[in-house]
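The opening position of the sequence shown corresponds to residue -13 in this note's numbering, with each subsequent residue numbered one higher.
One structure below.
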Amino acid sequence: MESSREKSPTAQLLESALGLKFRDRELLRQALVHRSLLNEQGGQPEDSYERLEYLGDAVLELTVSTELFRRFPVLNEGALTKLRSALVRGESLAKVARRLSLGDFLLLGKGEENSGGRQRDSILAAAFEAVVAAVYLDQGFDEASRFVAQSLDPELQQISQQGAPPDNPKSDLQERVQAIGLSTPKYRLASCEGPDHNPLFTVEVLVEGEVAGAGQGGKRSDAEQSAARDALCRTFPTPSS
């Protein structure tokens, strides 16, 4: 992956993981470059994945909107919007990035590497969006759309079978536990790691003094929502009708 023409083992491994072959491998490389590497090596910020992330966000939103429109013909605009929000939030995209092993190929500075950046949700989600943009620029919208639909297919299948993930997990969890006579959930900060400019919060949610779920996020509020979502899935699932 040292140049767009080089056929290195690393490039081949990543292309295999993505199920793609790039004409311009430099686009793929740039999609994996975190700003921290350039800060340490004296590169320009525009050489990081951030510009590609911006473009990929737009491609992703249009592609997901189209895919949902096609797959769920009876849903109204409000329901489709909620589904799209659930699919393109950072936590969901980070999960997709992990499935594609993107973290193994990230190009990070030593400081970011040592602080756990390779597994940080915000970085993984941004890298996935950047890869989407790289596919779009290299191979066009149709191929980028195919890549997104294929990458998100497990989540789309889950929605088909189980319905949308909760839009406000904290509110939903509170309503659910109170409906069965339990006390209001309490949230506890378990840890805060990483640098000040890119922290990673881990939060646990407790119901009746017992840990019901846990979650992470770049903001404490996001980590609390993630913990509530985990509790809804694992400890307080929707009762079968």
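Idealized CB from N, CA, C, for every residue including glycine.
* According to DSSP, which residues form a beta bridge with K172? -> Note: K172 is bridge-paired with L192 in the DSSP secondary-structure output.
* To do: Would you kindly work out how many angstroms separate the C-alpha atoms of K96 and Q(-2), rounded to a whole number?
  => 24 Å
* To do: Take G76 and list the residues in its own chain whose beta-carbon comes closer than 7 Å to its own, dropping the five residues that flank it on each side.
  => D107, S108 and A111
* To do: Report the three-state DSSP secondary structure of V60 (helix, strand or coil).
  => coil
* To do: Measuring alpha carbon to alpha carbon, tell me which of D182, G204, R206 and V193 ends up nearest R220.
  => V193
* Taking the continuous alpha helix (DSSP H) assigned at E32, which residues delimit it? -> Where E32 is concerned, there is no enclosing alpha helix (DSSP H), because DSSP gives it neither an H nor an E.
* Per the contact definition of three or more C-beta pairs closer than 8 Å, is the stretch 79 to 87 in contact with the stretch 160 to 180? -> no
* To do: Kindly indicate the opening and closing residues of the alpha helix (DSSP H) around S22.
  => R21 to Q27
* Under 8 Å between C-beta atoms of L73 and E141 -> Note that the C-beta distance between L73 and E141 is below 8 Å.
* Does DSSP put G203 in a helix, a strand or coil? -> strand
* Cβ-based burial, D208 [other Cβ within 10 Å; buried from 16] -> Buried.
* Is it the case that the Cβ atoms of E129 and G42 are separated by a distance below 8 Å? -> No, they are not a contact pair.
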